[in-house]
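This note's numbering numbers the first residue of the sequence shown as 59 and each following residue consecutively.
Worksheet: one structure, shown below.
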Amino acid sequence: MKGTREEVGVFEAVAPGVGRLGILFVNVFALGEPVGEPGRPWLLVDAGLAGSAGLIRRAVAGRFGEGARPEGILLTHGHFDHVGAARVLAEGWDVPIFAHPLEAPYLTGRSDYPPRDPTTGGAMAQMSRLMPDHGYDFSERLRELPADGGLPALPGWRWLHTPGHTPGHVSLYRGADGVLLAADAFATMNLDSWSAYLTRGREFSGPSPPFTFVWGTAQESIEKLAELEPGVVAAGHGLAMSGEDVACRLREFSAGFTPPPRGRYVASPPVAGEDGVEGLPPSVPDPYARGAGALAWALAGALVAGLMLLALARRRRR
Ligand SMILES: [Zn+2]
Ligand SMILES: [Zn+2]
């Protein structure tokens with residue numbers, strides 16, 4: 059397994075024909091053979107944070123050559139950190155955006171996600187106070203993923219419905235060499251630990267707590283992915299993991315997984331249907347949102363957000 063230094067602004071090799079581009083705390087992937095295989099189709103998987111289109115375009119040019127254009131942008135789900143540059147990129151390249159039909163309400167302006175839940179506690183929960191939880195409207199470019207379970211233009215890959223984090227969440231799997239892109243079904247870093255955002259330590263960890271809809275379903279999705287016994291695993295958050303023990307570690311993580319001990323949606327999840335969110339459980343007391351504690355969290359969150367924006371601005375200037 060490689061070290062924890064992250065290459066900035068380039069797609070890092072995860073497996074043959076699979077590149078990972080880290081954008082602050084979230085990953086974007088490119089599937090398809092890179093430069094040297096002209097004319098071969100490729101897909102962009104997820105679209106990072108708002109404002110990262112330039113960074114993604116430069117990384118794409120580095121991997122596939124100037125003027126390269128994907129077959130489309132596949133969105134594993136519609137959270138703000140996975141779709142930020144989707145519209146700008148899809149319009150610039152004039153390509154479709156693919157997603158699961160159950161994610162469509164949140165990608166066609168019909169519904170927002172349930173309000174983020176900072177009462178789960180932990181680093182991501184605190185930072186989530188500053189993060190959006192609204193849906194997006196990509197109606198004119200949105201297409202359903204192929205119903206046969208394959209990926210557009212990329213034989214060998216399958217999409218797997220892995221709901222729970224969101225209703226239409228998908229993970230991607232290449233069976234021939236056991237490469238799994240889990241997206242936010244789980245993470246390969248501890249999203250609850252402040253220090254993990256700096257150390258980039260690799261470990262299997264649950265989906266982002268403040269943004270996860272239905273914990274029981276999320277657990278079933280983790281079990282389904284662990285049963286694949288993948289040899290290479292990359293997720294929406296964290297560095298890629300590979301090696302002989304990865305499948306075993308994922309199975310252990312899956313077997314020991316438990317939802318957060320508290321949180322608004324842990325015991326009573328939101329109800330969602332074809333048009334999005336239909337019902338929400340009542341809000342719960344927020345133990346972190348009172349008095350001096352709230353001020354401290356707000357300042358810590360603002361500081362982290364500021365540092366991230368600064369880092370992004372410096373990368374974009376380069
Ligand atoms: Zn997410
Ligand atoms: Zn995410």
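Virtual Cβ for every residue (Gly too), placed ideally from N, Cα, C.
- For residue 119, the closest C-alpha among the options 80, 160, 67 and 158 is that of 67.
- The set of residues with any CB-heavy atom separation to ligand 2 below 6 angstroms comprises, in chain order, 84, 137, 139, 140, 242, 266, 294 and 295.
- Residue 107 is a Cβ neighbour of residue 138, given a cutoff of 9 angstroms.
- With 16 or more other CB atoms across the displayed protein chains lying within 10 angstroms of its CB, residue 103 is buried.
- With fewer than 16 other CB atoms across the displayed protein chains lying within 10 angstroms of its CB, residue 213 is exposed.
- Looking only at 259, 105, 240 and 161, the smallest Cα-Cα distance to residue 145 is reached by 105.
- Distances between the C-beta of residue 269 and the heavy atoms of ligand 1 include at least one below 8 angstroms.
- Setting aside the 5 residues that flank it on each side, residue 276 is surrounded in the same chain by 222, 223, 265 and 270, each with a C-beta closer than 6 angstroms to its C-beta; the list follows chain order.
- Its Cα nearest to that of residue 341, the residue 322 stands out among 292, 330 and 322.
- A heavy atom of ligand 1 is found nearer than 8 angstroms to the CB of residue 224.
- Under the three-state reduction of DSSP, residue 323 is assigned to coil, being neither helix nor strand.
- Ranked by how close their Cα comes to the Cα of residue 279, the residues 289, 249 and 316 have 316 in first place.
- Proximity of the beta carbon of residue 135 to ligand 1 is indicated: a heavy atom of the ligand is located closer than 8 angstroms.
- About 7 angstroms separates the beta carbon of residue 229 from that of residue 238, a gap short enough to meet the 8 angstroms contact definition.
- Cβ contact annotation for residue 160 (same chain, cutoff 6 angstroms, sequence separation greater than five): 225 and 226, in chain order.
- Partner residues in the beta bridge of residue 87, as assigned by DSSP, are 78 and 103.
- Non-local C-beta neighbours of residue 176 in its own chain, meaning closer than 8 angstroms and more than five positions away in sequence, comprise 183, 184, 186, 187, 268, 344, 346 and 347, ordered along the chain.
- Between residue 263 and residue 311, the C-beta spacing is below 9 angstroms.
- Sequence-distant Cβ neighbours of residue 93 in its own chain, meaning closer than 7 angstroms and more than five residues away, are 121, 122 and 123.
- In the DSSP assignment, residue 280 is bridged to no other residue.
- Secondary structure of residue 151 (DSSP, three-state): helix.
- Less than 9 angstroms divides the Cβ of residue 197 from the Cβ of residue 165.
- Residue 140 carries a helical assignment under DSSP once its states are collapsed to helix, strand and coil.
- According to the DSSP secondary-structure assignment, residue 252 is paired through a beta bridge with no residue.
- Straight-line measurement puts the Cα of residue 281 at about 8 angstroms from the Cα of residue 313.
- About 4 angstroms separates the beta carbons of residue 328 and residue 172, which is inside the 8 angstroms limit, making them a contact pair.
- The bridge partners DSSP lists for residue 70 are 78.
- Restricted to the segment 140-213, the beta strand (DSSP E) segments that are unbroken, complete and at least 3 residues in length are 155-157 and 200-202, listed in chain order.
- Straight-line measurement puts the Cα of residue 158 at about 8 angstroms from the Cα of residue 219.
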